[in-house]
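Chains as they are written, first to last, in our numbering: chain A, 503 to 845; chain B, 7 to 239.
Comments concern the structure below.
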Amino acid sequence: MRRHQSLQYILIFILAQIAWLSLLGLWIYWYISNYMVYNEASQNTTYRPISAKTNIIALVGGLILLVAVSLGMSLIFARLSIQLKIAQLYDNFIATVTHELKSPLSSIQLYLETLKRQRLPGRKQKEFIQRMIQDAGRLNNLINSILEIAGHEQKKVAHHFEVCDADPTLRSLVKEAVDQFKLPSNAVQITGKVSGKIISDRNALKIVFNNIFDNAIKYSTAKPIILVRFDRMDNNLIVEFRDQGIGIPPKDQKRIFDKFQRIYDRDIPSVKGTGLGLYWVKEIMKYHGGQASVFSEGKNKGSTFRIVLPIYQTIAKHHSKRLLKTTKRSQEQPNSKERGNRV
Amino acid sequence: MFKGKKILLVEDEESLAIGLEFNLKQEGYKIIRAHDGKKALEYFESQEFDLIILDIMLPFVDGFEVAAIIRERLPQIPILMLTARSAARDRVKGLEIGADDYLTKPFHLKELLLRVHGMLKRKMWYQSSIEKMPIYRFGIHEIHFEDLTAHSGERVFRLTPHEALVLKYLIDHKGKVVSRKELLENVWQIRTDVETRTVDNFIARLRKYFEPNPEKPEYLISIRSAGYMFDEK
Chain A
503 MRRHQSLQYI LIFILAQIAW LSLLGLWIYW YISNYMVYNE ASQNTTYRPI SAKTNIIALV
563 GGLILLVAVS LGMSLIFARL SIQLKIAQLY DNFIATVTHE LKSPLSSIQL YLETLKRQRL
623 PGRKQKEFIQ RMIQDAGRLN NLINSILEIA GHEQKKVAHH FEVCDADPTL RSLVKEAVDQ
683 FKLPSNAVQI TGKVSGKIIS DRNALKIVFN NIFDNAIKYS TAKPIILVRF DRMDNNLIVE
743 FRDQGIGIPP KDQKRIFDKF QRIYDRDIPS VKGTGLGLYW VKEIMKYHGG QASVFSEGKN
803 KGSTFRIVLP IYQTIAKHHS KRLLKTTKRS QEQPNSKERG NRV
Chain B
7 MFKGKKILLV EDEESLAIGL EFNLKQEGYK IIRAHDGKKA LEYFESQEFD LIILDIMLPF
67 VDGFEVAAII RERLPQIPIL MLTARSAARD RVKGLEIGAD DYLTKPFHLK ELLLRVHGML
127 KRKMWYQSSI EKMPIYRFGI HEIHFEDLTA HSGERVFRLT PHEALVLKYL IDHKGKVVSR
187 KELLENVWQI RTDVETRTVD NFIARLRKYF EPNPEKPEYL ISIRSAGYMF DEK
């Protein structure tokens, strides 16, 4: 439906441009033919019906105005295209969030009605209650994550930046992700070592690591194997997460960090997600003064997510001061929001 | 009555699938669970089922595609779409593809079980009915109730399961007036306080297929304030 609408807009835009250009052509033709007639007539008389100077001003002025109108239309069209794309992405987001919210909710309702409907043995009751708790936790995580992203965009999220040793911090984050997803010990291999300090919001980095691990697991058709590599390049620390999943086509690699962006492909083994996880990863890395990127040789060739963090000693003083000041300020605000997890 | 009937449950949400499986088993049904569209089609190819409960947002092959493939191979099997997608366009798409029923999440357990029971009852009635009369001819039309195909002169097309059910019910009661209420209760297995316009829409569609002039129907006749009647002059 939206695709059909945007095609309509493109057609209207093209037709409008053709109309302007035709008008311009007609106008030039009219001007030149009239000018020639006047010129011919004026050779036979001393009377000058129109001053040549006025004509040129009118022509040039008109041309400038036409170009301005045309430019304005192009700008409006570009803006409209962006709005349409955002609206389309937002629709996808609503559809996926609805799915993500309704599924655990349906599950909770189903178990409650089951418990109400029949007398179950204690073991079964416990199992069903445990499932409801898990579903409620999933709902809570999702709602918190969405609220936190909204809060981050309105600068209301509490930041807890502190200076810490890079190697143990990053290793412990990997370990926590392994525990969180209950991965077997041989599923994750760490290589490399980094020295130096980083200025980081540990809880935020945990979200980054969890989201990258979550993606690697969701998009692996076999048992996931994740290779984590620590390295240092110039004034930055690098952490690479290489998985053996279904990979990302080159055309999607650039936009995968965009808000609400999800890749739809019939080879994708999971439909869960909101299109906010990697956007959040990018945003968290951005306010750390670092960056996040992805590389994949293509479909079924795995993906490598890379995060870059600046080394504390090399960060401009004013930047590190600003980050630490943010922490201080947020600690003084008791109402600042707590963090969720992955989206 | 339907104990031992085999249901293919296609649901990627593990927690929900386990709860559904438990309750359906309690009703006496045999359950085979698939967590994605690909697996669902594999099971469908290798086993026989009496009913399919199908989610839409599935990995690999989505529910719409699964329903279309299943409907193509086995036009009569009842399909219940159970999904979080509640938009009218999704509902219409699901029913157009050939789902017999569409239930949105979150749902009431009792309602789901009643719908499953109703669908199985409908299937049983339809099967026993077509055993007696697998093909019916009227005018230039020939209806094959086994594979839901209709032959109208040179034209061959397929009816949806509900269209075939409505037509079959009216033919079975040829020459008698069938009220909308009766059709809703016996074909849709739903309470009569639900929209009766649904029946009118189906009759309008059937008239388009089989009446030379749908404005002046010869076979599917409206009986004012009473309902519909199938007749052959």
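Every residue, glycine too, gets a C-beta built ideally from N, C-alpha and C.
This structure is a prediction, so every number in the text was calculated from the model and none was measured.
Would you check if the distance between the CB atom of residue i and the CB atom of residue j is smaller than 8 Å?
i, j, result
"Ser822 of chain A", "Ile701 of chain A", "yes"
"Pro751 of chain A", "Lys801 of chain A", "yes"
"Val263 of chain B", "Leu80 of chain B", "Outside the displayed range of chain B (7 to 239) lies residue 263 of chain B, so it cannot be described from this structure."
"Ile103 of chain B", "Asp56 of chain B", "no"
"Ile209 of chain B", "Tyr234 of chain B", "yes"
"Leu649 of chain A", "Pro606 of chain A", "no"
"Phe711 of chain A", "Ala668 of chain A", "no"
"Phe216 of chain B", "Leu176 of chain B", "no"
"Lys44 of chain B", "Val67 of chain B", "yes"
"Gln812 of chain A", "Asn738 of chain A", "Here residue 812 of chain A is Pro; the residue named in the question, Gln, does not match the sequence. Their beta carbons are under 8 Å apart, which means Pro812 of chain A touches Asn738 of chain A by this criterion."
"Phe759 of chain A", "Leu780 of chain A", "yes"
"Leu115 of chain B", "Thr616 of chain A", "yes"
"Lys870 of chain A", "Leu685 of chain A", "In this structure chain A extends from 503 to 845, so residue 870 of chain A is not present and cannot be described."
"Leu119 of chain B", "Asn29 of chain B", "yes"
"Gly100 of chain B", "Tyr613 of chain A", "no"
"Ile85 of chain B", "Ile75 of chain B", "no"
"Glu169 of chain B", "Arg213 of chain B", "no"
"Val741 of chain A", "Leu825 of chain A", "no"
Got a sec, what are the start and stop residues for the beta strand (DSSP E) residue i sits in?
i, result
"Thr166 of chain B", "Thr166 of chain B -> no beta strand (DSSP E), and no H or E assigned at all."
"Arg734 of chain A", "728 to 735"
"Gln691 of chain A", "690 to 693"
"Ser795 of chain A", "793 to 797"
"Ser21 of chain B", "Careful: Ser21 of chain B lies outside any beta strand (DSSP E), inside the alpha helix (DSSP H) at 20 to 32."
"Lys99 of chain B", "Lys99 of chain B -> not in any beta strand (DSSP E); alpha helix (DSSP H) instead, spanning 94 to 103."
What are the boundary residues of the alpha helix (DSSP H) that residue i is part of?
i, result
"Val193 of chain B", "Element bounds for Val193 of chain B: n/a, residue is neither H nor E."
"His654 of chain A", "624 to 655"
"Ala706 of chain A", "704 to 720"
"Pro752 of chain A", "752 to 755"
"Leu47 of chain B", "43 to 52"
"Phe208 of chain B", "203 to 216"
"Thr671 of chain A", "668 to 682"
"Met139 of chain B", "Taken as a continuous stretch (DSSP letters only), Met139 of chain B belongs to no alpha helix (DSSP H), as it is neither H nor E."
"Gly159 of chain B", "Segment: none, Gly159 of chain B is in no alpha helix (DSSP H) and carries neither H nor E."
"Glu221 of chain B", "That residue, Glu221 of chain B, is in no alpha helix (DSSP H); it is neither H nor E in DSSP."
"Gln746 of chain A", "Gln746 of chain A -> no alpha helix (DSSP H), and no H or E assigned at all."
"Asp2 of chain B", "Outside the shown range of chain B, which is 7 to 239, sits residue 2 of chain B, and nothing can be said about it."
"Glu71 of chain B", "69 to 79"
"Gly233 of chain B", "Here Gly233 of chain B belongs to no alpha helix (DSSP H); instead the beta strand (DSSP E) covers 233 to 236."
"Leu64 of chain B", "Premise fails: Leu64 of chain B is in no alpha helix (DSSP H) and is neither H nor E."
Are there 16 or more other CB atoms within 10 angstroms of the CB of residue i, so buried, or fewer, so exposed?
i, result
"Asp107 of chain B", "buried"
"Ala543 of chain A", "exposed"
"Trp532 of chain A", "exposed"
"Met139 of chain B", "exposed"
"Gln611 of chain A", "buried"
"Met735 of chain A", "exposed"
"Asn688 of chain A", "exposed"
"Ser524 of chain A", "exposed"
"Glu840 of chain A", "Its pLDDT being 45, under 50, Glu840 of chain A is placed unreliably in this model, and the coordinates cannot settle the point."
"Leu509 of chain A", "exposed"
"Lys11 of chain B", "buried"
"Lys222 of chain B", "exposed"
"Gly34 of chain B", "exposed"
"Gly639 of chain A", "exposed"
"Met63 of chain B", "buried"
"Tyr814 of chain A", "buried"
Within 7 Å: the Cβ of residue i and any heavy atom of the ligand COA?
i, result
"Gly747 of chain A", "The ligand COA is absent from the structure shown, which contains no ligand whatsoever."
Can you confirm whether the stretch 741 to 749 of chain A touches the stretch 707 to 724 of chain A when touching is taken to mean that 3 or more C-beta pairs between the two stretches lie within less than 8 Å? yes
Interface positions of the stretch 8 to 25 of chain B facing chain A (Cβ-Cβ less than 8 Å), listed along the chain: Asp18, Glu19, Ser21, Leu22, Ile24, Gly25
Give me the subset of the stretch 122 to 154 of chain B whose CB atoms are less than 9 Å from a CB atom of chain A, sorted by chain position. Within the stretch 122 to 154 of chain B, no residue has a Cβ lying closer than 9 Å to any Cβ of chain A.
Can you pull out the residues from the stretch 592 to 608 of chain A whose beta carbon lies closer than 9 Å to at least one beta carbon of chain B? Ala597, Thr598, Thr600, His601, Glu602, Leu603, Lys604, Ser605, Pro606, Leu607, Ser608
At least three beta-carbon pairs within less than 8 Å, the stretch 578 to 586 of chain A to the stretch 596 to 613 of chain A: no
Counting only Cβ-Cβ distances shorter than 9 Å, please list the residues of the stretch 102 to 122 of chain B near chain A, keeping chain order. From the stretch 102 to 122 of chain B, only Thr110, Lys111, Pro112, Phe113, His114, Leu115, Lys116, Leu118 have a Cβ closer than 9 Å to chain A.
The stretch 107 to 123 of chain B / the stretch 87 to 97 of chain B touching (three or more Cβ pairs under 8 Å): yes
The stretch 726 to 740 of chain A in contact with the stretch 754 to 764 of chain A per 3-pair CB rule at 8 Å: no
Contact between the stretch 623 to 638 of chain A and the stretch 128 to 139 of chain B: three or more CB pairs below 8 Å? no
If we count Cβ pairs, one from each stretch, closer than 8 Å, do we get three or more for the stretch 687 to 697 of chain A versus the stretch 779 to 786 of chain A? no
Residues in the stretch 636 to 655 of chain A having any Cβ partner in chain B nearer than 9 Å: Per Cβ criterion, the list reads Gln636, Asp637, Arg640.
By the 8 Å beta-carbon criterion, what residues does the stretch 788 to 815 of chain A contribute toward chain B? none
When Cβ atoms are compared, which residues of the stretch 656 to 687 of chain A fall closer than 9 Å to chain B? none
Under 7 Å, CB to CB, which of the residues in the stretch 68 to 82 of chain B have a partner in chain A? none
Between the stretch 38 to 54 of chain B and chain A, which residues of the former have CB atoms less than 8 Å from a CB of the latter, in chain order? Asp42
Name the residues in the stretch 26 to 37 of chain B whose C-beta lies less than 8 Å from a C-beta of chain A; which are they? Leu26, Phe28, Asn29, Gln32
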